[in-house]
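Here's the structure, in structure tokens; my notes come after.
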């Protein structure tokens, strides 16, 4: 039995909008007795979130001292302690700059998320993952931004950077608005307008070859991107026309709090947006709407700040004196702690969605990365890399690995393989690697 | 000898109805290169520019009426070479971007064909409103399609759209729903969301290439009005007059004399001055309680009104923008500028703009002292002479300031609690003792420090932390002692006027002017000076140049 029911055959010729009733007891039919897998034995899909915030931590103050399991976080990552056993952490990894200029805040995210610092942009890890596990969901991927901007760290190609959705309210309306189909609903009515639109887009796509012959190479690449995006929309419409597979844990978000981040980069607002986005994305994933997301918390050279303060996070990293007692910049550490708490909240919300004996987090990987090993000096050495979740058991968790001098791409490659991406090596130039972090793999 | 077939060009020209099928299928590219080095240089230039949100909105209003509002957010465009308009020629479209366009198009199509709009937008009635009517659909799609695609639709394109309307009408048993499906599909196709330019062999310069008449019309219209060509311009493209110098001149004069020139001028300056970024500016509410969201909108509008009034209504010298005392204010802006602004509107009506002139002796004059400029280039909680100076160099003078190097100790720069360094100047001077920093800060900070009398929200101040603010400095060896004299000095810098020519030409072309056209640019700059630095004249000169439409052949 196909995991996702394809109703094209049934629907063909039913454009008048006839309701189709699936007269079967859904959960008994489609899910196993534990609710952890579909009845055909296929596990619930793996999901992935890339969560990014720049400006890192101070070296020696975040890393666990102990290698392996049972470690304690460094003082600047203490916030992660409640979830330690669901976390993997790597220290010592670096981004190789090769002969490229060290873009102060761009080399870090490029190395961690795109596998290399060569310009222009390479496809980011979330999009590589989406190609593998996001093609059969309503949204191939969802990108959000918590700081009020449309910035994101998700790119399809050099010229196609996915914009971040800055509005939780708009994302709620998009996912759970009129076109949302509850996967556990007893009846399924295909939208005749959606079917007509799919047909219309197919006709547009048919013009592709002719248009491509009319333009130069630069424009041809851009048109290709256009048609790829058009096909993604077609796919989305197609999925809307199929009876969705039941998802036991799916609950529709109701009475969603309206919230818009105001310009000004207040960290309290970013944290609230992060919480709301986490809820929306967790529910979207538990309802099978998407398997991949990317979160920009506050950017790389981040100007997050506190109300009433002249200074921002970024300004503090450059300008604050190192506290002689603490050994690090005190205000910077305050912001870093806020960030760690925010990632933790995000992961806890995923963990709160119970699916059988486990949680949504258990079949997910939330990968947290940053732009520098030490923002005070723009260093891309000793990059903090952290995951939450076990990718459906593909990852052991609660493990600290230290690999000084190794490329940070080892971490991304490991995550991708755990998620089932058919990829043997990742990265460009010196950042290219075929070495996973085997200590993480189950 | 390189011989290169051009069936693509020929095919498209025929499809577009521009030339007969007898277009030579083989072109001697060796002779082309010899005759036209400029064209040969950039053989792979982009000819597609994605519409900006502003352009999209204007076109929709032009075609369907002013009550068509865009519901949604467009995928952002990167700023390249100082301009979003250049970025529109380099950016692709993501899946979520496509969905945004599609959702917006669906909303517009539904509204355009609802019961309130269909009677005056659709020029015919279907024989049966519950079924397809290809003839009526074609009438509507022909009328609208030409305006959306900025050229007549080729026969096969029209057939596709009519077929889509018919199929949709029959499937969904509603003529207007079918028509809306066809319309929304047009509005999501590359022919609409990208300004696609078509290249043809030049009629006046054998061996060279130029835009076809419809592409010229499009370039002209967006340059002057920032929207699609109107019917008159389309007719001039259709009847061939736009390909003649006299016909071209006539259209340029018409476009430049229209009130819609203000739309085009505003769009250009929003782009050049990076005022789109004002949407993301927020100040700390405790430190700057008067800097509200509405105040930001008013600040942007103040500068744009000042610019268009000076350059269009007064036909003033561009350089005067740096020194003019004339501006426009609202009562809300008055609270930021701390001047009394009377608004004589009746109770309950929105406040209106009032012409205002800074009095003699006032510390403000010129757009550099406006709230828009100084607040945009500041931190949320304090000023930044370095950021302001960098913006001044890059935005107004087209000079590139290098990014700061890594691994620099900034500690002393803005430790505002350090009793040794009370003002930004003192802190920056201390910082500049770092040898690797001195070079760049010398070219940014003096300009920014001259604006230190204006706080992050634009409010005037004379001291910082109790110490008097020193605004003396030099730029390119020329001294100034405050923002007023800075404006005067900047207005006389050759870079100020050459920068405008560079930006305006790149804005019109949608790409940087290639080095091979450097001589042309010098000619334009000379003409700008001769015409007393009148920007409308500059636009007309640019638009009348054959180089403005010259193009490489598609690769």
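Protein chains in written order, with my numbering: chain A, 529 to 970; chain B, 477 to 1031.
No residue lacks a Cβ here, since even glycine has one placed at the ideal position from N, Cα and C.
Given the structure is predicted, the values throughout are model-derived calculations rather than measurements.
Hey, which unbroken runs of the alpha helix (DSSP H) at 4 residues or more fall wholly within the stretch 749-808 of chain A?
none
Distance cutoff 8 Å, beta carbons only. Does residue 902/B sit that close to anything in chain A?
no
Just to check my reading of the structure: residue 956/A and residue 650/A have Cβ atoms closer than 8 Å, yes? What is that Cβ distance to the nearest angstrom?
7 Å
Given that a residue counts as buried once 16 or more other Cβ atoms are within 10 Å of its Cβ, and exposed if not, what is residue 836/B?
exposed
Taking DSSP's pairing of strands, which residues face residue 686/A in a bridge?
Residue 686/A pairs with nothing; no bridge assigned.
Verify the CB distance criterion: does residue 776/A have a CB-CB separation below 8 Å to chain B?
no
When DSSP builds the beta bridges, which residues end up paired with residue 883/A?
886/A
Is residue 917/B close to chain A? Criterion is C-beta to C-beta, closer than 8 Å.
no
Does the pairing of the stretch 870-887 of chain A with the stretch 609-619 of chain A give three or more beta-carbon distances under 8 Å?
yes
Within 10 angstroms of its Cβ, does residue 579/A collect 16 or more other Cβ (buried), or is it exposed?
buried
Taking C-beta pairs closer than 8 Å, name the residues in chain A that residue 570/B reaches, listed in chain order.
684, 688, 689, 690, 691, 753, 757
Kindly indicate the opening and closing residues of the alpha helix (DSSP H) around residue 1016/B.
1011-1020
Looking at residue 606/B: is its Cβ nearer than 8 Å to the Cβ of residue 650/B?
yes
In angstroms, rounded to a whole number, what distance separates the CA positions of residue 501/B and residue 677/B?
For residue 501/B, the predicted structure reports a pLDDT of 28, less than 50, and the residue's modelled location is therefore unreliable. A value from the coordinates is still provided. In a straight line, the C-alpha of residue 501/B is about 12 Å away from that of residue 677/B.
Residue 596/B and residue 655/B: beta carbons closer than 8 Å?
no
How would you label residue 833/B, buried or exposed, when you count the other beta carbons within 10 angstroms and need 16 or more for buried?
exposed
Taking Cβ-Cβ distances shorter than 9 Å, what residues in chain A pair up with residue 661/B?
725, 728, 729, 731, 732
The beta strand (DSSP E) spanning residue 805/B covers which residue range?
802-805
Would you call the CB atoms of residue 909/A and residue 572/A closer than 8 Å?
no
Can you list the beta strand (DSSP E) stretches of 3 or more residues lying completely in the stretch 683-768 of chain B, in chain order?
685-687
Starting from residue 743/A, find everything on chain B with Cβ-Cβ shorter than 8 Å and list it in chain order.
523, 524, 672, 1030
Between the stretch 909-922 of chain A and the stretch 885-896 of chain A, can you find at least three pairs of beta-carbon atoms closer than 8 Å?
yes
Which same chain residues, not among the five before or five after residue 772/A, have their C-beta less than 7 Å away from its C-beta?
709, 711, 816
From residue 962/B to residue 848/B, what does the alpha carbon distance come to, in whole angstroms?
17 Å
Is the CB of residue 909/A under 8 Å away from at least one CB in chain B?
no
Does the beta-carbon of residue 821/B have 16 or more other beta-carbons within 10 angstroms, so that it is buried, or is it exposed?
exposed
Reference residue 758/A; option with closest CA among 555/B, 569/B, 951/B:
569/B
What is the residue span of the beta strand (DSSP E) that residue 965/B lies within?
Note, residue 965/B: premise wrong, no beta strand (DSSP E); alpha helix (DSSP H) at 959-967.
So does the stretch 543-551 of chain B actually touch the stretch 578-597 of chain B, counting three or more Cβ pairs closer than 8 Å?
yes
Among 664/B, 575/B, 726/B, which residue has its Cα nearest to the Cα of residue 703/A?
575/B
With 16 other CB atoms within 10 Å as the buried threshold, where does residue 849/A fall?
exposed
For residue 838/A versus residue 795/A, is the C-beta distance shorter than 8 Å?
no
Could you tell me whether any Cβ in chain B is nearer than 8 Å to the Cβ of residue 814/A?
no
Can you confirm whether the stretch 524-534 of chain B touches the stretch 697-714 of chain B when touching is taken to mean that 3 or more C-beta pairs between the two stretches lie within less than 8 Å?
yes
Whole beta strand (DSSP E) runs in the stretch 823-884 of chain B with 3 or more residues, listed along the chain?
830-833
What span of residues does the alpha helix (DSSP H) with residue 634/B cover, start to end?
631-648
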